[in-house]
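There are 2 protein chains.
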Amino acid sequence: MSKTIGVGLIGLGTVGGGVVRLLQDSPCSMRRRTGASLALKRVAVRDLGKSREVPVDASLLTGDAMALVRDPQVQMVVELTGAPQAYEWISEALRAGKDVVTANKALLAERGDELFRLALEKGADLMFEASVAGGIPIIRMLRNGLVANRVESLYGILNGTTNYILTQMTRGAGGYAETLRHAQEKGYAEPDPTLDVSGQDAAQKLAILCRIAFQTTGTAKQIFCEGIERIEPQDIEYARELGYTIKLLAIAKRRGEEVEARVHPVMVPSEALMANIHDVFNAIEVVGSSVGTQVFYGRGAGQMPTASAVVADMVELAERRNSGAGPAIGDMIIGDEATAIADMRQVELRYYLRALACDRPGVLAQIARVLAEERISIASVIQKERDLQGGTVPLIIVTHEAPEAGMQRALAALGRLDILEGQARVIRIEAL
Amino acid sequence: MSKTIGVGLIGLGTVGGGVVRLLQDSPCSMRRRTGASLALKRVAVRDLGKSREVPVDASLLTGDAMALVRDPQVQMVVELTGAPQAYEWISEALRAGKDVVTANKALLAERGDELFRLALEKGADLMFEASVAGGIPIIRMLRNGLVANRVESLYGILNGTTNYILTQMTRGAGGYAETLRHAQEKGYAEPDPTLDVSGQDAAQKLAILCRIAFQTTGTAKQIFCEGIERIEPQDIEYARELGYTIKLLAIAKRRGEEVEARVHPVMVPSEALMANIHDVFNAIEVVGSSVGTQVFYGRGAGQMPTASAVVADMVELAERRNSGAGPAIGDMIIGDEATAIADMRQVELRYYLRALACDRPGVLAQIARVLAEERISIASVIQKERDLQGGTVPLIIVTHEAPEAGMQRALAALGRLDILEGQARVIRIEAL
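Residue numbers (my numbering), protein chains in the order written: chain A, 1 to 432; chain B, 1001 to 1432.
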């Protein structure tokens, strides 16, 4: 009854190799899905001569991805390269009415709108479970499992590299630069770690999640983004004293008709579940109008977790095609009801502020006055013992809720006052 | 294009009322699923005259559930009563080719096989997300999100009542009976708590999960089940000293060609995520061959979480019907490939054993000999200070892995020795 769907795979790297392995091994759970017969028909690779860990029939290999897309034997295109040409391949496949599975978060975060619309127009599907949080089925969960919910807020640890670095720093592994170097040695950070440590990778993933959870159409560039590069061991130590743990969170929250969307280091209560997600693991906390708080935890990267997500999409698409169901892309198309991303300057947050203040009378009063001028109310102050070397005193201030714009103006004003050594540092606080 | 699916709702209790509310409010996420128009056509209730929290058009109400099932306006039956007649209603609906959504875990755990087969035969679907872990979309996750995995093991906190009682006892609220009474006062435990505290409720849920995750066809009665009634505050205290926390876990693990399936109090390492699931929350840890460890956390009961799960099933069924897709029940039918549930007596576990030993020379040697005769090797012993009142000494023994049958024989032998005050108590240990 069910006919076999011909698959064209673009990219035989780590994840592509994992997908081939799963298609070859086909766990029992897949074999029982009789509506989903998948046959690998073509595999596009950059280097035809390269030796491969996964055995693939050489006759399937091609160096021409576009020819693969156009091959009539290929009814489903699985794009796993992250290459700049991916947009061309995917849109060509969709134009031909072929379903596409991709893990390409950068592409979806920037040009998702065009691609989803093209898919709908051509009666094809575009699935992307693997683009966010690796093996955690968060996309399905938001689209299907939580369909009867208005998502109120979403907090994600979406980047394994930064979570690993912060976990290690929290365990006392040393400063940022040193911990990053260890992470690179262990293969948990790229040789050029910018995309991860700057928060951009998490922002791309958040852009994809916000489209589903909040009906935004914004790209990752509209998401406020601050990395972990300036977190210092003493911030982690002071956070601990205050009962907090520092995490890089991707946060989205309804705020009236708009949605806050931001990625930055956050102090979260140490007893919160999100504070206890360690090493390279990912987790997403979703607060839904019906279900309340839910948390999903697992590996956000790696060959087999990511391949698992890709294959889940492939199985679903094959079943849909074989059962004669139309594409499921409809809910990804957002028209007039698009939710705007709020201006970060107007977001109200609590702040941890750390400064090295000159040790002379009246300095705390001056700092307090600067904050008061921006109507930033102080919740607590910790003044540490004087620094042994210089004549400076570490000062930690925790504020009540205040608009981001006011805090930024206050920081600029403090910088002009000539009472601090270096710049005051700020970390935002979330109660969760 | 999409036609409206007529819904017949049996039961307008807490969850039924929540479903009606969601259909009336219809969050944006549901409205965007244009393939899924649902219209409430009939509502069967026990007492037509009862005043309702949720406003339902009186003309929809009927006292005759079977008439509702047979009503040609009703294309989808949603059964939310847990009544003994549910089997008749559901099977009648399926025989007529109507899709069914139910939250009836007891029915599915005992007669799921018959019902799934009937559904397949009649080209209808039977969905049951709400039957396990309330609002957590665990059924979908296992069937779809993790389809490319062989599930290796599964650990669930599936019963909110017992997790609440154990959490409170861990926080020092007192003994079992006292804590149960408080839970009853707060509405977290039923006036007759047997089904929950005995572990039977969790066993029913585990039977449903095992069918999906391990292809078992066994009923809840085949699952070894021990409740929390005999957990004492000192067990919780000794567990803490040993680095463990006591939880009631539903556990399933592959063991050769079979699967272990059991519900009982477990000592888990206190730093494990599962040890930190508090109060009435549920969580399920799944270890998949591709994804590794994943954890799903949320509310396992309550009006709106459960209604959220019911409505997610309704939306999916309406979309399938409207797109012309056949039923998705195929993967629930298990034939020759059924996995057997292992004999509990052969399961090998580590044990915590607590006894009040008579304080005289040679007693520890006698106990050690009894264990040695069953080839149970001792990992550690803690002997506490002598009890002030009697002449007894609390003795805690942690064993290495040993077969359950051997441990049970050892316990019986210890009972015959006349060196213990009362019976020795055992709690199983899981490393997670």
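We put the CB at the ideal spot given by N, CA and C, even for glycine.
Residue i versus residue j: straight-line alpha-carbon distance, rounded
i	j	result
residue 1178/B	residue 214/A	45 Å
residue 1122/B	residue 322/A	19 Å
residue 1453/B	residue 1174/B	The structure shown has nothing for residue 1453/B, since chain B only spans 1001 to 1432.
residue 220/A	residue 339/A	15 Å
residue 1160/B	residue 1199/B	11 Å
residue 1306/B	residue 1135/B	5 Å
residue 158/A	residue 223/A	14 Å
residue 208/A	residue 138/A	11 Å
residue 1005/B	residue 1030/B	14 Å
residue 1407/B	residue 1357/B	18 Å
residue 1399/B	residue 1196/B	29 Å
residue 374/A	residue 410/A	7 Å
residue 384/A	residue 288/A	42 Å
residue 1330/B	residue 36/A	11 Å
residue 1243/B	residue 1275/B	11 Å
residue 1052/B	residue 1011/B	12 Å
residue 21/A	residue 1337/B	23 Å
residue 269/A	residue 429/A	9 Å
residue 271/A	residue 1403/B	37 Å
residue 19/A	residue 304/A	8 Å
residue 434/A	residue 1334/B	With chain A covering only 1 through 432, there is no way to say anything about residue 434/A.
residue 190/A	residue 234/A	26 Å
Neighbourhood of residue i by C-beta distance below 7 Å, restricted to the same chain and skipping five residues each side
i	result
residue 1278/B	1167
residue 1342/B	1255, 1258, 1259, 1260
Anticipated Cβ contact below 8 Å, residue i with residue j, distance rounded
i	j	result
residue 1265/B	residue 1236/B	Wrong, their Cβ atoms sit about 10 Å apart, outside the cutoff.
residue 1354/B	residue 1394/B	7 Å
residue 1118/B	residue 1095/B	7 Å
residue 146/A	residue 165/A	Residue 146/A to residue 165/A, Cβ: 31 Å. No contact.
residue 27/A	residue 1140/B	Contact flag wrong, Cβ pair sits at about 18 Å.
residue 1127/B	residue 1317/B	6 Å
Any chain A beta carbon closer than 7 Å to residue i
i	result
residue 1331/B	yes
residue 1149/B	yes
residue 1242/B	no
residue 1184/B	no
residue 1154/B	no
residue 1294/B	yes
residue 1187/B	no
residue 1312/B	yes
residue 971/B	Residue 971/B lies beyond the range of chain B shown here (1001 to 1432); nothing can be said about it.
Residues near residue i in its chain [Cβ-Cβ closer than 6 Å; skip 5 each side]
i	result
residue 83/A	none
residue 253/A	153, 260
residue 203/A	220, 223, 225, 263
residue 1249/B	1155, 1266
residue 371/A	410
Residue i at chain B interface by Cβ criterion, 7 Å
i	result
residue 4/A	no
residue 140/A	yes
residue 30/A	yes
residue 233/A	no
residue 323/A	yes
Range covered by the alpha helix (DSSP H) that runs through residue i
i	result
residue 1107/B	1105 to 1122
residue 1214/B	1200 to 1214
residue 238/A	233 to 241
residue 467/A	No information on residue 467/A is available, as it lies outside the stretch 1 to 432 that chain A covers here.
residue 1408/B	1404 to 1416
residue 354/A	First-last for residue 354/A: 348 to 358, but that is the beta strand (DSSP E), not the alpha helix (DSSP H).
residue 305/A	303 to 323
residue 187/A	Unbroken run through residue 187/A: none, as it is neither H nor E.
residue 399/A	Not the alpha helix (DSSP H): residue 399/A falls in the beta strand (DSSP E), residues 392 to 399.
Close-in-space but distant-in-sequence residues of the same chain around residue i (CB under 8 Å, 5 per side omitted)
i	result
residue 1098/B	1069, 1074, 1075, 1076, 1077, 1124
residue 281/A	157, 160, 163, 297, 298, 299, 300
residue 1039/B	1004, 1005, 1006, 1007
Limits of the beta strand (DSSP E) - the one that residue i falls within
i	result
residue 1282/B	1281 to 1288
residue 10/A	4 to 10
residue 1153/B	1151 to 1157
residue 293/A	292 to 299
residue 428/A	420 to 429
residue 1245/B	1244 to 1255
Any non-hydrogen atom of the ligand HEM closer than 6 Å to residue i Cβ
i	result
residue 1309/B	The ligand HEM is not among the ligands present in this structure, which contains no ligands whatsoever.
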